[in-house]
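In this note's numbering, the protein residues as written are -11 to 65.
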């Protein structure tokens, strides 16, 4: 029911410190709730990438709308 996309590049492009800051950005900018990787325990040794968790336990329409909003929010350049 979950996917964990790598959002490292999005964080860099938006000049955000990491997925926790992206979590807040998406909530306020796109009205989309996601959870940062850090909400699910410590990073693995050597892990440098940033991830968020998305749930797909909803309708196809809700998923597409959420993805549209995320895309719009991160396409600032």
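All C-beta atoms in this analysis are idealised placements derived from N, C-alpha and C, irrespective of residue type, glycine included.
Check: Distance between residue 58 and residue 4 (C-alpha atoms, nearest Å); Outcome: 15 Å
Check: Exposure of residue 25, with buried meaning 16 or more beta-carbon neighbours within 10 Å; Outcome: buried
Check: Residues that residue -6 bridges to, as DSSP identifies them; Outcome: 39
Check: Which of helix, strand or coil DSSP assigns to residue 24; Outcome: strand
Check: Contacting residues, own chain, Cβ-Cβ under 7 Å from residue 17 (five flanking each side not counted); Outcome: 61
Check: Endpoints, the alpha helix (DSSP H) within which residue 70 is located; Outcome: Not covered by the structure: residue 70. The range shown for the chain is -11 to 65.
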